[in-house]
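Student:
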Amino acid sequence: MAILIANIGTSDLAIKIDNYYIPVGFDREEKNLPLDDLTSNEKEVWEQGLRNDLITEYVCPELGVTVKNGKFSLRELTEKLLYEYQNNPEKWHSRLSPGRIWGVVNTAIKTFNVKTAYLFVTNQPPTETRGYYSDTIHLFEILKLWFDRELNSKLELKSQEITTSAIDQDQLFDYYYKFFNKCHPSETILISMKGGTPQMATALKMQAIASVIPKQLFIDPQLSVKNILSGEPSTCQLTTYWYYLQSQKYQAVKLLLEERWDFDGAITILKDWQKVIGWLQQNEVHDPGIVKTQNTLSNAIALLSVAVDCLNLDIPSAKKRLTNLDLGISKDLNEQLRSNHDPNILNLYTRCRIYWELKQVSNLLVTLSSFYEEVLSKLLKIFEGESFLHKDKYKGEGKWYLDIPKMRQEMGEEYWQKFYRLEAPHNSRLTSDQVKKDPLFQLTGRPSKSNFLEVLVSYYQDTHKQTHGQKLLASLKRLDYWAQKRNRMIHQNQGMSVNTMKDVYENDKEENPDACPADKICEVMADICNSDLGIVHKHNRQKFVGDKADYYLYTPIRKWVIDQLLK
0 MAILIANIGT
10 SDLAIKIDNY
20 YIPVGFDREE
30 KNLPLDDLTS
40 NEKEVWEQGL
50 RNDLITEYVC
60 PELGVTVKNG
70 KFSLRELTEK
80 LLYEYQNNPE
90 KWHSRLSPGR
100 IWGVVNTAIK
110 TFNVKTAYLF
120 VTNQPPTETR
130 GYYSDTIHLF
140 EILKLWFDRE
150 LNSKLELKSQ
160 EITTSAIDQD
170 QLFDYYYKFF
180 NKCHPSETIL
190 ISMKGGTPQM
200 ATALKMQAIA
210 SVIPKQLFID
220 PQLSVKNILS
230 GEPSTCQLTT
240 YWYYLQSQKY
250 QAVKLLLEER
260 WDFDGAITIL
270 KDWQKVIGWL
280 QQNEVHDPGI
290 VKTQNTLSNA
300 IALLSVAVDC
310 LNLDIPSAKK
320 RLTNLDLGIS
330 KDLNEQLRSN
340 HDPNILNLYT
350 RCRIYWELKQ
360 VSNLLVTLSS
370 FYEEVLSKLL
380 KIFEGESFLH
390 KDKYKGEGKW
400 YLDIPKMRQE
410 MGEEYWQKFY
420 RLEAPHNSRL
430 TSDQVKKDPL
440 FQLTGRPSKS
450 NFLEVLVSYY
460 QDTHKQTHGQ
470 KLLASLKRLD
480 YWAQKRNRMI
490 HQNQGMSVNT
500 MKDVYENDKE
510 ENPDACPADK
520 ICEVMADICN
530 SDLGIVHKHN
540 RQKFVGDKAD
550 YYLYTPIRKW
560 VIDQLLK
């Protein structure tokens, strides 16, 4: 449902004198006013001094309005006219014309079927001598009667009284601010600011733009002297200050991306704005910039969605979106995601950097555990450990079932016993009797997989790889403490903050000497990514690993979107 919001002023009433409707308060000369279509008689009538003389010589005496030095009080005139109009509507209705506001109302009804109009009127105290005598409080009642009769009560007019100075800019800003605060964000608002003081026009315009109401159009009545004199409504143009509104939206998106890495939130804002731009197109707001904006929004939303997919570890969806995007940045992002080197580890590491920056500890610890698992899987391949796992279960289900007989046969009893000593004390499933019954032993969790990899690395014959593998496993052990905390947090339905992380570490560090401090988690993860084992490709390590490095593909996506929106 659309509503009309308008200022009314002294020029919004004309009274018929002989053959012409003379505005009672049009006391200023407007620049570039077209007069070419007027007859010589009409030009003479429109001359400012004559207009005023006609009102003071004919209307004021008829209504009993005081005239002093050729001037009269609009407040007094409209108050007495209201009384006469109420008592004799047949006489006065055809003699009155609402001037500009009539064109505004016509446009609002025809374009949006408006049923309610809020008109801002002045009702200043007598102490405001500069404005009191020009108050429009009684003019509103005249307009209400006129429109009720003319439109068969199809439009409800509601007055919004300004009871302070109509030129006090600060108070006016506050007044309009409070009004727009009561409006629902989903409403469509049509605004006319031609009436009232210049300060009222400024306050209405600025607070409308500053409001959270996206669907707003300004009705701009085109002044036609011929229409005024003949009592016809003004023709109007629909305009919009959508660039200002867009700037607000884009600055909000910039803040979300730069301060919070909130790609989802940015998408929500841009999709809402996309709907508003579509609404402007539907209402035939002619601006070539609107089409360009639609294209920019579509591309920005699509690229932000790639970031959301990656944050959700949905790499296939991210790749699919990029395939459908014809943007310069798409090629680079595609190459990163389609690299022969697994992007998951780098992505998980980057997510942990983001979550630590945002102090989102729960997300950090969950992602850390996933990172740990991915690194273990990578190590298994690097040290060719798949050959010791049951082939079908590993390739088909991704489960690690250790083929004990094969391990004993190929590695030797020494390495089997080494694994047994590491695993059995902490795993009741691994017993001599169980091994005899079932030659396959499932490595179900991080500790069991780590124990197997420790043995595998020590068995490996390449000394260079072995050294780096042992170093990497030592780094993983520094993260064990936090992986365990994550498990307890989930099972005990507990949360954790950065300060809590620091406190629990201080309390537990003597019992867990290998654990890294909370603020070193990302640093240890970086050491793992920088391993010469190729956990992360060297090219990507240089670009994306380290506390000063870019945040993987999230940095270029963020930069591209902000640059496109704000250019």
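For the sequence shown, counting from 1, position 65 maps to 64 in numbering that gives the first Met the number 0; every step adds exactly one. We put the CB at the ideal spot given by N, CA and C, even for glycine. Keep in mind the model is a prediction, meaning the values are calculated, not measured.
1. Near Ser447, which residues of its chain fall below 7 Å by C-beta distance, leaving aside the five closest residues on each side in sequence?
2. Assign Asp331 to one of two classes, buried (16 or more other C-beta atoms within 10 Å of its C-beta) or exposed (fewer than that).
3. Output yes or no for whether 8 Å exceeds the beta carbon distance between Lys204 and Thr187.
4. Please confirm if the segment 462-480 is in contact with the segment 396-406, defined as three or more CB-CB distances below 8 Å between the two stretches.
5. Which term fits Pro22, buried or exposed, when burial requires 16 or more other beta carbons within 10 angstroms of its beta carbon?
6. Across which residues does DSSP place Thr234 in a beta bridge pair?
7. Distance check for Ala482 and Leu368, CA to CA, integer angstroms please.
8. What separation, rounded to the nearest whole angstrom, lies between the Cα atoms of Glu56 and Gln123?
9. Specify the secondary structure class of Gln460 as computed by DSSP and reduced to three states.
10. Tell me the DSSP secondary structure of Leu564 in three-state form.
11. Can you give me the C-alpha to C-alpha distance between Glu127 and Ser164, rounded to a whole angstrom?
12. For Ala473, does the count of other Cβ atoms within 10 angstroms reach 16, so buried, or fall short, so exposed?
13. Going by C-alpha to C-alpha distance, which of Tyr243, Tyr393, Glu453 sits closest to Arg420?
14. Under three-state DSSP, which class holds Phe111?
15. Which one or two residues does DSSP pair with Val66 in a beta bridge?
16. Beta-carbon within less than 7 Å of Phe139's beta-carbon, same chain only, minus the 5 sequence neighbours each way: which residues are those?
17. From this set, Asn86, Leu37, Gly468, which residue's C-alpha is nearest Ile141's C-alpha?
18. Quick check: what's the CA-CA separation for Thr115 versus Cys235?
19. Suppose you measure from the CA of Leu296 to the CA of Lys270; what does that come to, to the nearest Å?
20. Could you check if Gly384 is buried or exposed, using at least 16 other CB atoms within 10 Å of its CB as the buried criterion?
21. With a threshold of 16 other CB atoms inside 10 Å of the CB of Arg557, please say whether the residue is buried or exposed.
22. Tell me, please, which residues DSSP counts as bridged to Leu118.
23. Quick one: is Glu283 buried, meaning 16 or more other Cβ sit within 10 Å of its Cβ, or exposed?
24. DSSP three-state label for Phe262, please.
25. Hey, quick one: how far does the alpha helix (DSSP H) through Ile353 stretch, first residue to last?
Tutor: In this structure, then:
1. Glu422, Asn426
2. exposed
3. no
4. no
5. buried
6. Gln221
7. For the sequence presented, residue 368 should be read as Ser rather than Leu. Each residue's alpha carbon lies about 6 Å from the other.
8. 27 Å
9. coil
10. helix
11. 7 Å
12. exposed
13. Glu453
14. helix
15. Phe71
16. Ile7, Leu118, Val120, Ser158
17. Asn86
18. 19 Å
19. 8 Å
20. buried
21. buried
22. Ala5, Ser158
23. exposed
24. helix
25. 342-356
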